[in-house]
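For reference, the structure discussed in these notes is given below.
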Amino acid sequence: LYIWRLGFPIVRAIALLLCPMRVVGLEHVPERGPYIIVGNHISWLEPEWIAWAVKRPIRYMAKEELFEWLFVGGLLRVIACFPVKRGTSDRRAFVTALRVLQAKQVLGFFPEGHRSESGAMITAHPGIAAIALRSGAPLVPVATTGAKGAFGRFWRRDLTLTFGRPFYAKELGETEPQAVTDAIMRRVAALLPEDMRGVYA
1387 LYIWRLGFPI VRAIALLLCP MRVVGLEHVP ERGPYIIVGN HISWLEPEWI AWAVKRPIRY
1447 MAKEELFEWL FVGGLLRVIA CFPVKRGTSD RRAFVTALRV LQAKQVLGFF PEGHRSESGA
1507 MITAHPGIAA IALRSGAPLV PVATTGAKGA FGRFWRRDLT LTFGRPFYAK ELGETEPQAV
1567 TDAIMRRVAA LLPEDMRGVY A
């Protein structure tokens, strides 16, 4: 995380300059120990905003193709992301995610896989289920509102991050990966206004 410590303050300052934000429910976020941040996905700057709010490095998965772009790939490395092959069972990414949590770090997840064009939640991919169940780490839901349209509508003052209470995947009463994932995403949806809950309304 050496590169993160050097580069993240710069990325964070740019993100906050372009779009100030309000944070709700920060008292629910553990100050130490491993956990999984899971949220909706409407802006490419969400990783920086969330890391700023919790004041800890967060290791995110990002689709492998993004690392092929010079600027984007460099930015992802600065904020300590690691690649995942979408549409496959990527064991390397799975093992990396478990090691992040075993090292008592924070793992970040946007299970929808890509930004929602409408701002409403879309069906999430089931990859988070195995990691949450296998690791036993708590999940912390976070909902982003007011961020849709960056950079097109960037100078906004209604950006809000809302954190919910931590919970464990085993509490959800599901075992099938997609069912576990959907139950997790409903916890995120509960923090959003109704018109943004989409398939998890």
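Okay, so the sequence shown: first residue is 1387 according to the working numbering, each after it adds one.
The C-beta atom is built at its ideal place from N, Cα and C for all residues, glycine as well.
Cβ-based burial, residue i [other Cβ within 10 Å; buried from 16]
i     : result
V1574 : buried
P1469 : buried
F1540 : Any reading at F1540 needs caution, since the residue's pLDDT is 47, under 50, leaving its predicted position unreliable; the model's value is listed next. F1540 comes out exposed.
F1537 : Because the pLDDT at F1537 is just 47, under 50, the model does not fix this residue reliably, and the value given afterwards should be weighed accordingly. That one is exposed.
G1460 : exposed
H1500 : exposed
T1548 : buried
For residue i, the nearest candidate out of the options (CA to CA)
i     : options                       : result
I1423 : A1555, M1407 and D1476        : A1555
S1521 : R1472, F1496 and A1483        : A1483
A1439 : V1409, L1545, A1448 and L1461 : V1409
I1570 : E1580, Y1586 and M1582        : Y1586
L1578 : I1508, R1478 and T1531        : T1531
M1407 : I1444, W1435, E1560 and E1503 : W1435
F1553 : G1419, D1544 and P1527        : P1527
Helix, strand or coil at residue i according to DSSP, with G and I counted as helix
i     : result
L1456 : helix
M1571 : helix
V1415 : coil
L1461 : helix
L1519 : helix
I1329 : Here the chain has residues from 1387 to 1587 only, and residue 1329 is not among them.
L1547 : strand
R1477 : helix
Residues that residue i bridges to, as DSSP identifies them
i     : result
Y1554 : Y1554 pairs with nothing; no bridge assigned.
I1436 : Answer by DSSP bridge pairing: none, since I1436 is not bridged.
T1482 : DSSP output for T1482 lists no bridge partner at all.
P1469 : A1448
R1408 : T1546
V1492 : Y1421 and I1444
Start-to-end residues for the beta strand (DSSP E) that takes in residue i
i     : result
I1422 : Y1421 to G1425
L1431 : Note, L1431: premise wrong, no beta strand (DSSP E); not H, not E.
I1496 : The residue asked about is misnamed: residue 1496 is Phe in this sequence, not Ile. That residue, F1496, is in no beta strand (DSSP E); it is neither H nor E in DSSP.
Y1586 : Element bounds for Y1586: n/a, residue is neither H nor E.
R1525 : In the sequence under discussion, the amino acid at residue 1525 is Leu, which differs from the Arg named in the question. Where L1525 is concerned, the enclosing beta strand (DSSP E) stretches over L1525 to T1531.
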